[in-house]
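To start, the structure under review is shown below, and the notes come after it.
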Amino acid sequence: MPLHDVGYRAWQGARRGPWSAAAAIATTGIRLVWTSRWLRRAVLLAWSPALAFAASFFAFEQAIDEGRIASLQERAALGRNLDGIGLLGTILADTLGKPGQPDRAEPPRDREAETAATRRLVWSRLLLAFMRAPQAVLLAIVIGLVAPQLVSRDLRAKAWLVYFTRPVGKIHYIAGKIAVLGTVVAAVTVLPALALWLAGVLVSPSVWVIVETWDLPVRIVAASVVLAIPTVLLALAYSSLTAETRIASFAWFATWAACWIAHSSLTTADLVAADDSRATAVAAGSEDDEEWQPPRRRMNWLARAAGIDAGVDRWAWISPYHAVGVVQAWMFGVETRPRAVVPSAVALAIASLGSALVLAWRVAAPLRS
Amino acid sequence: MHDAEPLPVDLDGVVKRYGRRTVLDSVTCEVRPGITGLVGPNGAGKSTLVRAILGLVRLAAGGVRVFGHDPVRVPAVVRQLVGVVPEDECAVPGLAAVEMVRYAGRLSGLPGTEALRRAHEVLDWCDAGQERYRPVETLSIGVRQKVAFAAALVHDPRLLILDEPTNGLDPLERRAMLGRLRTLAHDHGKTVLISTHVLPDVQAVCDRVIVLAAGRVRLAGTIEDLTRPARPRLRLELRGDTAACCARLAAAGIAAERIDAVTLHIPRQDQGGLDRVWQATREAGVVVAALAPVQERFEDVFIAAIAGCREGQHAAS
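Chains A and B, in that order, are what the protein sequence lines are.
For what it's worth, this note's numbering labels the leading residue of the first sequence as 1, then goes sequentially.
For what it's worth, this note's numbering labels the leading residue of the second sequence as 370, then goes sequentially.
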């Protein structure tokens, strides 16, 4: 008999409510997924773009500190190329060279106010580009590593009996699983973005920058929620549909790839059609051939991610990546046109609702017999 | 006047259908404190009955009460009171055995530290040893069974439901497991419901038995009651000429039934009748090795109970 065997003893302590079960599912789930070496690598990798973006914050604040914003504005107004400083140059050219941006509708009254307004817009665009371009892609990869096993593994191991023979409702089970992915989302998007904002504050000349940009952390969190809700629900819905993790993984990556390809194809088709109609108009002599160029072709991926694109992406709703990006741009105040935002927001809401229904239906399947 | 303590499990006219197939057909029975065996052939509806007790299936008719609570209306309350050892291996891959038991405790509402303490305590009691630190998916079937048992007990339930609890256990472990069940029922006041095919296990530990076949309760009661023959008889074991003894008994007015070369069954006798039996054996020159009331074997009772329904099934098919 083991030394510590005290026999069976009754337990009289107070029990916690069912939400403590959800917390247990979340913490245990996080611990289990964190044992994956690939996930740890991916999360580490997810922080590396923040370094590059931190350099942009530093360069911008340095330009303010050295009083070079005015000269940059003049160059931008003259249409000079600011690409010497990469993405920041493109953002500055767009921000400084185009007065009348949505956030700058009121002309600044003095230089300080102008600097503050410029900073807000530049920081917003940098953060938006950070969240849309590297982080959204990395998040899709990380969720693809984590989510497919969360429910399918329970189905395969018949672990649902572990949960549903105990005082755990399906809502607590789902909440626990969502919390696992929510933590991953936070590790990949929210925390690096908040760190980036903090880095911006630290390299800025004045601590009052916190007051000027206090809403950006809130917008970061809101934009991450917009990113997290549909992606997490969709990934868990796929995971709940099969006991084979690899099938759920394939479905997840296939959805992103297929929707991206569909979006690119439709957008390209639109551009070709616009070119044709333009060529027809030029041939008819009603338009000048010299002035016009398709705006979207001149923008690189990062710049478009920063919201520097005059056109409305009418096919954004078809691709989760692009739809999330449009709504995130709205969250950061970069995109305000309802005709650009509403279709994507509706598409994401429908996808989220559908995924949630599938998830609830599948999780309850063993209980429904 | 105070209310009587509600029964651990009370099933009243429970009907469950999967499509057109009736799996539980007007099942009315009760599980009382102590150890109850739920026995029946494959497909009898045992697992469905267990699920009905947990509120995991929708019933077509009838009701279930667990300590007076309706498991459909208040499943969380019922599942706090119940611990289940499923037949299927169900565990969370990647967790060590002790973590698995702790996780089960936390899912049942135990605080984290307390759940870990209880997990170790119950695993000690189950004699899990150092195996507890290995991932559950790498454990042998016997240790997995212990872990599942510990996970069902960690939150100290009032009712313990076990589906084939001795599956995969060697004889020593099987004996230890049955001993633990006795301890829980008799020393700690737990109600234990064992769903099993293994009739010797049932005979070894169960106070009461429910025989389920084709979705119906065929028999229910204590093993003693169920194995008592309809016609009280005595078993007479002899050494010598059994045929001559039969003839002497017949001459004395006692109808003897020859079972085998050394065994006779005779109707139960009063003292006068017993005197005539002794007289007849003396006259036949045989030695009486044993004289005892006939008890039917539980296995025979079980087979007789399910035979009718099997014949019915064959006729129907």
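Glycine included, each C-beta is placed from N, C-alpha and C at the ideal position.
Could one say the Cβ of residue i lies closer than 8 Å to chain A's Cβ atoms, at least one of them?
| i | result |
| --- | --- |
| V384(B) | no |
| H557(B) | yes |
| P455(B) | yes |
| L479(B) | yes |
| C575(B) | no |
| Q640(B) | no |
| E533(B) | no |
| H524(B) | yes |
| A470(B) | A small correction: the amino acid at residue 470(B) is Val; Ala does not occupy that position in the sequence shown. It does not: the Cβ of V470(B) has no partner Cβ on chain A nearer than 8 Å. |
| A445(B) | yes |
| R462(B) | Looking at the sequence provided, one finds Pro at residue 462(B) rather than Arg. At least one chain A Cβ lies under 8 Å of P462(B). |
| L407(B) | no |
| W690(B) | There is simply no residue 690(B) to check, as chain B begins at 370 and stops at 686 in what is shown. |
| L476(B) | yes |
| Q514(B) | no |
| E483(B) | yes |
Shortest alpha-carbon distance to residue i belongs to which of the options?
| i | options | result |
| --- | --- | --- |
| L407(B) | L476(B), I530(B), L538(B) and L660(B) | I530(B) |
| V369(B) | V446(B), L428(B), C398(B) and R597(B) | As shown, chain B starts at 370 and ends at 686. That puts residue 369(B) outside it, with no answer to give. |
| V454(B) | L464(B), V470(B), P444(B) and V443(B) | V470(B) |
| V188(A) | S240(A), A228(A), R68(A) and D270(A) | A228(A) |
| G654(B) | Q640(B), D381(B), L607(B) and R551(B) | L607(B) |
| G452(B) | V461(B), I579(B), L522(B) and L581(B) | L522(B) |
| G463(B) | L348(A), L150(A), E61(A) and A42(A) | L150(A) |
| A366(B) | R448(B), H489(B), L479(B) and T482(B) | Residue 366(B) is absent from the model: chain B starts at 370 and stops at 686. |
| G67(A) | V221(A), P205(A) and P343(A) | P205(A) |
| R585(B) | P402(B), I404(B), T417(B) and G388(B) | T417(B) |
| A376(A) | A323(A), A284(A) and L233(A) | With chain A running from 1 to 369 in the structure shown, residue 376(A) is simply not present. |
In terms of residue numbering, what span does the beta strand (DSSP E) encompassing residue i cover?
| i | result |
| --- | --- |
| Y387(B) | V378 to Y387 |
| T560(B) | T560 to T565 |
| G176(A) | First-last for G176(A): K170 to V185, but that is the alpha helix (DSSP H), not the beta strand (DSSP E). |
| P662(B) | V656 to P662 |
| R587(B) | R585 to T591 |
Residue i CB to nearest chain B CB: under 8 Å?
| i | result |
| --- | --- |
| W11(A) | yes |
| A105(A) | Note that A105(A) scores 46 on pLDDT, short of 50, meaning its location in the model is unreliable; the coordinates nonetheless yield the value given after this. So no, A105(A) is outside the interface. |
| S20(A) | yes |
| V6(A) | yes |
| L32(A) | yes |
| K170(A) | no |
| S152(A) | no |
| K177(A) | no |
| P167(A) | yes |
| L161(A) | yes |
| T35(A) | yes |
| A157(A) | yes |
| R40(A) | no |
| A351(A) | no |
| A26(A) | no |
By the DSSP assignment, the alpha helix (DSSP H) with residue i in it spans what residues?
| i | result |
| --- | --- |
| V221(A) | D215 to L241 |
| I141(A) | A136 to R156 |
| R420(B) | K415 to L423 |
| H395(B) | The sequence given here places Ser at residue 395(B); His does not occur at that position. From DSSP, S395(B) is part of no alpha helix (DSSP H) but of the beta strand (DSSP E) over R390 to V400. |
| H489(B) | G481 to W494 |
| P320(A) | P320 to M331 |
| E606(B) | No alpha helix (DSSP H) holds E606(B); the beta strand (DSSP E) holding it covers R602 to R608. |
Write down the C-beta distance between residue i and residue j rounded to the nearest angstrom, noting that I regard them as a contact closer than 8 Å.
| i | j | result |
| --- | --- | --- |
| L595(B) | V670(B) | 5 Å |
| F332(A) | L127(A) | 7 Å |
| E533(B) | E626(B) | Not confirmed; about 38 Å, so no contact. |
| A582(B) | I675(B) | 4 Å |
| P687(B) | E665(B) | Since the displayed chain B opens at 370 and closes at 686, residue 687(B) lies outside it and no answer follows. |
| V467(B) | L492(B) | 6 Å |
| P148(A) | A257(A) | Not really, about 15 Å apart at Cβ, beyond 8 Å. |
Quiz item: Are there three or more Cβ pairs, one per stretch, closer than 8 Å when the segment 418-425 of chain B is compared with the segment 496-506 of chain B?
Solution: no
Exercise. Report yes or no: do the segment 561-577 of chain B and the segment 402-416 of chain B share at least 3 C-beta pairs separated by less than 8 Å?
Key: yes
Quiz item: Okay, do the segment 227-243 of chain A and the segment 143-159 of chain A touch, 3+ Cβ pairs below 8 Å being the bar?
Solution: yes
Practice problem: Determine, using beta-carbon pairs with one atom in the segment 508-522 of chain B and one in the segment 534-554 of chain B, whether at least three such pairs fall under 8 Å. | Solution: yes
Quiz item: Taking contact to mean at least 3 C-beta pairs separated by less than 8 Å, is the segment 194-211 of chain A in contact with the segment 166-179 of chain A?
Solution: no
Quiz prompt | Validate contact between the segment 428-447 of chain B and the segment 375-387 of chain B using beta carbons, cut 8 Å, 3 pairs | solution = yes
Quiz prompt | Cβ contact (3+ pairs, closer than 8 Å) linking the segment 643-651 of chain B and the segment 552-561 of chain B | solution = no
Exercise. Say whether the segment 129-143 of chain A touches the segment 25-36 of chain A, bearing in mind that this needs 3 or more beta-carbon pairs closer than 8 Å, one atom from each stretch.
Key: no
Quiz item: Taking three-plus beta-carbon pairs below 8 Å as touching, is the segment 318-337 of chain A in contact with the segment 203-222 of chain A?
Solution: yes
Quiz prompt | At least 3 beta-carbon pairs within less than 8 Å: the segment 607-617 of chain B vs the segment 625-641 of chain B | solution = yes
Exercise. Would you check if there are 3 or more beta carbon pairs closer than 8 Å linking the segment 313-322 of chain A to the segment 340-348 of chain A?
Key: yes
Quiz prompt | Inter-stretch contact (C-beta, 8 Å, three-pair minimum) for the segment 39-52 of chain A and the segment 134-143 of chain A | solution = yes
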